[in-house]
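If you read the sequences in order, they're chains A and B. Each residue of the first sequence is one higher than the last, beginning at 11 in our numbering. Each residue of the second sequence is one higher than the last, beginning at 291 in our numbering. Glycine residues also receive a C-beta, built at the ideal position from the N, C-alpha and C atoms. Being a predicted model, the structure only gives us computed values, none of them experimental. In what follows, a structure is listed as structure tokens, so that the remarks can point back to it.
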Amino acid sequence: MVIISLISWGFTSFIANYHKAHKERLANALYQHYDYNNAQQLQHILTEKVAYRIAESLATAQLDTLSTTNSHTNSAVKDTPIIPDTKDPLSTAKIAIEDIFNFKED
Amino acid sequence: MQKHTYNLILGVNQDSEPIIWHWDNENALAIIGKGGSGKTTNSAYWLSQWACQGVRLLMADPHMNNRQSLYVATEHLHDALVEPCACDYGDITRYIELFHQIGYERLNNTGDHYPLVFVIDEFTSYLLNSSDTKASALKLLDSVNQYRKVGLRLMLIGQSWGQAIRVASQLRDSISSAVVLKSSKNDAAKFCAFDTTAKEANLLPIGRGFYQDEMIWIPKLTGTGKLVAQKRVKAFMKTDTLHRNEIYLHDMGT
């Protein structure tokens, strides 16, 4: 009885461990894939946003009044949050954003 | 390796959507417009956007001593210049060679390439009056065709593109994008796909232009905007990258 229990426990734990490891590998692969795509996408979004915000900060009053429908406002852009990315090598983009938002006239 | 791209917002279209000039996809930006069409004002706005993102500038302006020149309009960006502005045709020719040389060096060097834009104001006058036009046009053509991938871009500003094209038709064909401001039909037609757009270009008010045959509203650089840009450029000057850039230029004997 004891031997049968030991064998079945060993078998079950082996299967469980195998599944756990497999799950982890799968999760890791998915994460990497997701992260890669995310980084590409994020870069695209960030660079456009940086350009957008820089353009706005250089010509703030103008953009609001130039458009025909007046729907292009500063708030339309600033309300969209920028997703922080800890692994992101886009330091230039970050510096640009921070500097523009913290800019104060001396 | 991931890299930052240096997109420009040229302006907004009539649906208020931003018109983006994609750094990665374009090799050059041509500006076409008569005198007083806003070439200088608009260029200052676009150049400020680049400078705010850390792009360095190489500038050639034959009218730099004039109060209304591009050099004066971009006074707040002078820290971003890698070399003093070239003002006579001989210097411009030398800068064209320098730009070509930088590109050539970069192709053979996998190091950190900082983004550099070569701006030539009154480019069509230079083409029509310089003694080395053909050689310069060929160097620029080579730069446009090859050096996009190493972070070099051209910004060519001019009036009489219709005439200048006779000298540099291949160069015009290689320029990937253009903004047409108020200009004659003949000049505009070289960069517009449709005849009707080229005709309408003659009637454009200041602050409007055509980009890929779509009308855009181009904002004007404000006084605060100039301060923002100036501060931003100074901040970039403090970074290590730019020190490396200067050493790089120094090593090349410039």
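Test item: CB-CB of residue i and residue j under 8 Å
{"i": "TYR296(B)", "j": "VAL372(B)", "result": "no"}
{"i": "MET505(B)", "j": "ASN303(B)", "result": "yes"}
{"i": "VAL409(B)", "j": "MET349(B)", "result": "yes"}
{"i": "ILE382(B)", "j": "TYR416(B)", "result": "yes"}
{"i": "LEU388(B)", "j": "LEU430(B)", "result": "no"}
{"i": "ASP378(B)", "j": "PRO352(B)", "result": "yes"}
{"i": "ALA334(B)", "j": "THR364(B)", "result": "yes"}
{"i": "VAL440(B)", "j": "ARG396(B)", "result": "yes"}
{"i": "GLY301(B)", "j": "ILE508(B)", "result": "yes"}
{"i": "ALA454(B)", "j": "THR414(B)", "result": "yes"}
{"i": "GLN502(B)", "j": "ALA65(A)", "result": "no"}
{"i": "LEU298(B)", "j": "TRP336(B)", "result": "yes"}
{"i": "LEU494(B)", "j": "LYS475(B)", "result": "no"}
{"i": "LEU367(B)", "j": "VAL407(B)", "result": "no"}
{"i": "ILE496(B)", "j": "GLY328(B)", "result": "yes"}
{"i": "ALA523(B)", "j": "ALA341(B)", "result": "What sits at residue 523(B) in the sequence shown is Val, not Ala. Taking 8 Å as the Cβ cut-off, VAL523(B) and ALA341(B) qualify as a contacting pair."}
{"i": "LEU68(A)", "j": "THR330(B)", "result": "no"}
Residue-chain proximity (residue i, chain B), Cβ-Cβ < 8 Å
{"i": "ILE55(A)", "result": "no"}
{"i": "GLU34(A)", "result": "no"}
{"i": "ILE64(A)", "result": "yes"}
{"i": "ALA69(A)", "result": "yes"}
{"i": "VAL60(A)", "result": "yes"}
Where the beta strand (DSSP E) containing residue i begins and where it ends
{"i": "GLU504(B)", "result": "504-507"}
{"i": "ALA491(B)", "result": "Taken as a continuous stretch (DSSP letters only), ALA491(B) belongs to no beta strand (DSSP E), as it is neither H nor E."}
{"i": "LEU347(B)", "result": "346-350"}
{"i": "ARG443(B)", "result": "442-448"}
{"i": "SER467(B)", "result": "467-470"}
{"i": "ARG498(B)", "result": "498-501"}
{"i": "VAL409(B)", "result": "406-410"}
{"i": "GLY301(B)", "result": "298-302"}
{"i": "LEU319(B)", "result": "318-322"}
{"i": "TRP311(B)", "result": "308-311"}
C-alpha distance - residue i paired with residue j, whole-angstrom precision
{"i": "ALA61(A)", "j": "SER23(A)", "result": "55 Å"}
{"i": "SER467(B)", "j": "LEU446(B)", "result": "11 Å"}
{"i": "ASP485(B)", "j": "GLY323(B)", "result": "17 Å"}
{"i": "GLN358(B)", "j": "GLN449(B)", "result": "15 Å"}
{"i": "ALA479(B)", "j": "ALA488(B)", "result": "5 Å"}
{"i": "LEU517(B)", "j": "LYS510(B)", "result": "14 Å"}
{"i": "ILE17(A)", "j": "LYS30(A)", "result": "20 Å"}
{"i": "GLU412(B)", "j": "GLN391(B)", "result": "22 Å"}
{"i": "ASP314(B)", "j": "THR57(A)", "result": "11 Å"}
{"i": "ASN317(B)", "j": "ARG443(B)", "result": "5 Å"}
{"i": "MET527(B)", "j": "VAL362(B)", "result": "20 Å"}
{"i": "ASN492(B)", "j": "TRP451(B)", "result": "14 Å"}
{"i": "ALA483(B)", "j": "LYS424(B)", "result": "26 Å"}
{"i": "SER421(B)", "j": "VAL469(B)", "result": "28 Å"}
{"i": "ILE310(B)", "j": "ILE25(A)", "result": "55 Å"}
Residue-chain proximity (residue i, chain A), Cβ-Cβ < 8 Å
{"i": "LEU406(B)", "result": "no"}
{"i": "THR295(B)", "result": "yes"}
{"i": "GLN339(B)", "result": "yes"}
{"i": "ILE310(B)", "result": "yes"}
{"i": "ILE299(B)", "result": "yes"}
Extent of the continuous alpha helix (DSSP H) to which residue i belongs
{"i": "ILE392(B)", "result": "379-397"}
{"i": "ALA478(B)", "result": "475-479"}
{"i": "ALA519(B)", "result": "513-527"}
{"i": "ALA425(B)", "result": "423-436"}
{"i": "ALA341(B)", "result": "329-342"}
{"i": "SER451(B)", "result": "For clarity, residue 451(B) is Trp in the given sequence; the question names Ser instead. That run of the alpha helix (DSSP H) goes 451-454."}
{"i": "ALA483(B)", "result": "It is not in any alpha helix (DSSP H) - ALA483(B) carries neither H nor E in the DSSP assignment."}
{"i": "ALA363(B)", "result": "360-363"}
{"i": "LEU461(B)", "result": "459-464"}
Listed from N- to C-terminal order along the chain, which residues in the stretch 511-526 of chain B have their beta-carbon within a distance smaller than 9 Å of any beta-carbon of chain A? Residues LEU511, THR512, THR514, GLY515, LYS516, LEU517, VAL518, ALA519, LYS521, ARG522, ALA525, PHE526.
Any C-beta of chain A within less than 8 Å: which residues of the stretch 323-335 of chain B qualify? Contacts with chain A (Cβ-Cβ distance below 8 Å) from the stretch 323-335 of chain B involve TYR335, listed in chain order.
Of all the residues that make up the stretch 343-358 of chain B, which are near chain A by a beta-carbon distance shorter than 7 Å? Listed in sequence order: GLN343, GLY344.
Residues in the stretch 485-496 of chain B having any Cβ partner in chain A nearer than 7 Å: Cβ contacts with chain A: none found.
Can you give me, in chain order, the residues of the stretch 357-379 of chain B that have a beta carbon less than 9 Å from any beta carbon in chain A? Flagged: no residues at all.
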